[in-house]
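Shown next, in structure tokens, is the structure this report addresses.
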Amino acid sequence: MNQTSTSNQLNRESRLVSWLALLGIICAISGALITLFRTGFSDWYQWNLIGHALVGSVIVLPLSIYTVIHFRRTVGIRKPAILFSGLLASALIFLALGSGIWLALVGSEEAISWVTNAHALFTYTTIALTLIHLVLHRRYRSVVNRKRERVFITVNKSSMTNILSRGIIAYFLGVAAVTLGYGYYYQSPKMPIPDDYQSDYGEHPFRPSQTETADQALVHVNQIAKSQQCGSCHEDIFKQWLSSAHRQAASDPAYVKNINLLANNKGIVATRYCEGCHAPVALLTGELTEGGKHGGIANTPAHLEGVGCMGCHGIESVHDLNGTASYLFSTKENYLFDSTTSALGQKLRNFLIQAAPRKHKESMAADILSDPRICASCHEQFMDKSMNNWGWVKMQSTYQEWLESPFSGQDNQLHSEQEVTRCQDCHFPKVRANDPSADVTGMVSSHRSLGANTVLPMLSGDVEHFEKTKQFLQSSKLLVHIDKPETRNLVTNDQFVDQSLNRSDGENTPYFLYLEQSASLSVSVTNRLVGHHFPAGTNDINQAWLYMVVKDGNGRTLFESGALDEKNFLDKQAITYHSIPVDRHGKEVWKHDLFRMTGEVYRNSIPSGQTDINSFEFKVPSWAKSPLTAEAVVKYRKFNQRYAQWALETPNPGIPIIDVARDTLTISLREQVDATDRSNAGE
Numbered sequence: 001m002n003q004t005s006t007s008n009q010l011n012r013e014s015r016l017v018s019w020l021a022l023l024g025i026i027c028a029i030s031g032a033l034i035t036l037f038r039t040g041f042s043d044w045y046q047w048n049l050i051g052h053a054l055v056g057s058v059i060v061l062p063l064s065i066y067t068v069i070h071f072r073r074t075v076g077i078r079k080p081a082i083l084f085s086g087l088l089a090s091a092l093i094f095l096a097l098g099s100g101i102w103l104a105l106v107g108s109e110e111a112i113s114w115v116t117n118a119h120a121l122f123t124y125t126t127i128a129l130t131l132i133h134l135v136l137h138r139r140y141r142s143v144v145n146r147k148r149e150r151v152f153i154t155v156n157k158s159s160m161t162n163i164l165s166r167g168i169i170a171y172f173l174g175v176a177a178v179t180l181g182y183g184y185y186y187q188s189p190k191m192p193i194p195d196d197y198q199s200d201y202g203e204h205p206f207r208p209s210q211t212e213t214a215d216q217a218l219v220h221v222n223q224i225a226k227s228q229q230c231g232s233c234h235e236d237i238f239k240q241w242l243s244s245a246h247r248q249a250a251s252d253p254a255y256v257k258n259i260n261l262l263a264n265n266k267g268i269v270a271t272r273y274c275e276g277c278h279a280p281v282a283l284l285t286g287e288l289t290e291g292g293k294h295g296g297i298a299n300t301p302a303h304l305e306g307v308g309c310m311g312c313h314g315i316e317s318v319h320d321l322n323g324t325a326s327y328l329f330s331t332k333e334n335y336l337f338d339s340t341t342s343a344l345g346q347k348l349r350n351f352l353i354q355a356a357p358r359k360h361k362e363s364m365a366a367d368i369l370s371d372p373r374i375c376a377s378c379h380e381q382f383m384d385k386s387m388n389n390w391g392w393v394k395m396q397s398t399y400q401e402w403l404e405s406p407f408s409g410q411d412n413q414l415h416s417e418q419e420v421t422r423c424q425d426c427h428f429p430k431v432r433a434n435d436p437s438a439d440v441t442g443m444v445s446s447h448r449s450l451g452a453n454t455v456l457p458m459l460s461g462d463v464e465h466f467e468k469t470k471q472f473l474q475s476s477k478l479l480v481h482i483d484k485p486e487t488r489n490l491v492t493n494d495q496f497v498d499q500s501l502n503r504s505d506g507e508n509t510p511y512f513l514y515l516e517q518s519a520s521l522s523v524s525v526t527n528r529l530v531g532h533h534f535p536a537g538t539n540d541i542n543q544a545w546l547y548m549v550v551k552d553g554n555g556r557t558l559f560e561s562g563a564l565d566e567k568n569f570l571d572k573q574a575i576t577y578h579s580i581p582v583d584r585h586g587k588e589v590w591k592h593d594l595f596r597m598t599g600e601v602y603r604n605s606i607p608s609g610q611t612d613i614n615s616f617e618f619k620v621p622s623w624a625k626s627p628l629t630a631e632a633v634v635k636y637r638k639f640n641q642r643y644a645q646w647a648l649e650t651p652n653p654g655i656p657i658i659d660v661a662r663d664t665l666t667i668s669l670r671e672q673v674d675a676t677d678r679s680n681a682g683e
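Residue 525 in this note's numbering sits at position 525 of the sequence shown, with consecutive numbering throughout.
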């Protein structure tokens, strides 16, 4: 390479090196500050993080150009230490930049959190190697200068000092100015309670719901109706939630029918009672007053959200276990532009969450989410005089049922030694998902919140969710068993029998029934693995029952209980597991209009770990052919036929019926012969 060419390359390097040094030092200092002050997570910290990413992105192109020019010119210098330190520093700095770009685009996912540590390690190692490389260059330069050859760049120290000092000062002053400007011009949206806001149930803005917020302030819609924003990162979880009953808590046609019934009878203010759990967006944003829209009204934010992401993740604590939305809601705004609807603001917020997810995880994965008490806030329910004009009435009690179950670890004196199965373990089990919140094994908590609602997936045509719900119901949590019959009027014989000849072990003792005799079959239904009573929840409109049928060898029916008639109404004599609420006049409250409820005249359910036993009596006719086949099935449908016809406004709602548990027993038939006659005939 001639002297002129070398001189030109040196000049190009000289022009780049000052600016590269400036950008590199800003990256190093801002990165160090990010590491040192990340626990505070202030606005200044976040703007510095944005600046760090911006400067890191800007440096890539000029650094690449400089690296090519520098190595083309110095490739002939045969000094192993200089060459090795330079090559290694170059490799590491591009690894640092590459990992930084990865963090900016993908984020610091939990499953690959090591990338963040690698980025810092690459950066600090690069700085150390660059300093070593410069020291080695300086030593070698003194030798080369004796030969009067120009092989090193020359930089005006005064000029470079000015560039560095002014550039660094300008960067941090810029960050400070932007921080102050953001704090001045961008304020979290405030929602003062309007003067015409109705307070029919006292001064508390959310009564008769038990919901609380800080200072009892209303919440801006952008601070709670943001599930779509969450879904932009958590795509798999968002898809799970879309199928869930939580998502459809306000748009469920049956709920729409009931909330309109309540509004028409007691006014929109009374709908706060239901909306705290079914449509928290409507409640917390102050819609539930004269002129507002409740969650049952189509295309409103509350209707579209149902129980959205913030409906659960916005809960700060549960203040009591009486339910009826007994939670404290917090907006949990930690990131810049948390409530913005602008495209740029949302991109900046998402970048910050991806680049620094720790604060997001702390606030959105709070300890209360793994505590069964959060479920109690809505799955416990009561009605008081303000709603029914009568008095305090306990209604749903799923959390209390769980506490009394073997799964809570608190059902006996050895509870401290028992393993606890929480609500979340059954209804939010771990599943594999491609999600930034997935753990190191690629698992997340399923947000389908599977339960016993088969109506919603049926109405929406969501076959996948329906099948998963069916599998959930049929997962052997409930067992049904037909006991072997004890035959009445057994044949007796007065002749002596040596008992040593009886080889029966008791378990295999033959059993049978006689023709033309009355028979009794005992059927036990055991709540084996349900963590609360079976059934649970809205037992006034749920319908679970025990179906029993006995047929002979030709398939002819001898006995049947729990059948449906031609209009799909259940046999009134069937053994059912449900409740019958009544109003003050003793009339059945069958439309789920619970604001009329003052008590119950019937409730039948099976507590967790316990068994319900029923006997079925029938007569075996003379024409029956052996063997008999007895079949017992626990059946379930989300709505009884009467309510379904009313709520869904159709004479043929077609509510799916799920066979939850089944057992069969084959029984031999015999003709009864008098033992004395048989003995005389032998003589």
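Ideal Cβ placement from N, Cα and C applies to all residues, glycine included. Just so you know, these numbers come straight off a predicted model, no measurement behind them.
Taking the Cβ atom as the reference point for each residue, do residue i and residue j lie within a distance shorter than 7 Å?
i	j	result
Ile-268	Leu-288	yes
Pro-457	Ser-446	no
Val-480	Ala-632	yes
Leu-92	Phe-122	yes
Lys-239	Phe-41	no
Pro-194	Tyr-201	no
Ala-81	Leu-136	yes
Cys-375	Cys-423	yes
Leu-515	Ser-622	yes
Glu-275	Gly-295	yes
Phe-407	Gly-531	yes
Ala-438	Val-444	yes
His-278	Ala-250	yes
Ala-254	Ala-647	yes
Arg-440	Leu-513	Reading the sequence as shown, one finds Val at residue 440 and not Arg. No; because the gap between Cβ atoms is not below 7 Å, this pair is not in contact.
Classify residue i as buried or exposed, calling it buried when 16 or more other Cβ atoms lie within 10 Å of its own Cβ.
i	result
Pro-280	buried
Leu-49	buried
Trp-114	exposed
Asp-196	exposed
Asn-640	buried
Thr-557	exposed
Arg-272	buried
His-585	exposed
Tyr-602	exposed
Tyr-689	An answer regarding residue 689 cannot be provided, because it is not within the stretch 1 to 683 covered by the chain.
Glu-380	buried
Ala-176	exposed
Ala-214	exposed
Using the three-state DSSP reduction, which class does residue i fall into: helix, strand or coil?
i	result
Glu-761	Residue 761 is absent from the model: the chain starts at 1 and stops at 683.
Phe-512	strand
Thr-35	helix
Trp-545	strand
Lys-619	strand
Arg-422	coil
Leu-20	helix
Thr-300	coil
Arg-272	helix
Leu-283	helix
Leu-558	strand
Arg-150	Because the pLDDT at Arg-150 is just 47, under 50, the model does not fix this residue reliably, and the value given afterwards should be weighed accordingly. Arg-150: coil per DSSP, three-state reduction.
Lys-359	helix
Ile-657	coil
Lys-551	strand
Glu-305	helix
Phe-337	coil
Arg-637	strand
Across which residues does DSSP place residue i in a beta bridge pair?
i	result
Glu-401	Per DSSP, none; premise fails for Glu-401.
Val-523	Ile-482, Asn-614
Phe-382	Lys-394
Asp-663	Ala-632
Tyr-327	Val-318
Arg-670	Tyr-514
Met-443	Arg-432
>> Which runs of the beta strand (DSSP E) at least 3 residues long sit entirely within the stretch 578 to 612? Give them in chain order.
In response: Listed in chain order, the complete beta strand (DSSP E) runs (minimum 3 residues) inside the stretch 578 to 612 are 579 to 582, 599 to 603.
> Along the chain, which unbroken stretches of the beta strand (DSSP E) at least 3 residues long are found entirely within the stretch 234 to 260?
Replying inline: At a cut-off of 3 residues, not a single continuous stretch assigned as beta strand (DSSP E) sits fully inside the stretch 234 to 260.
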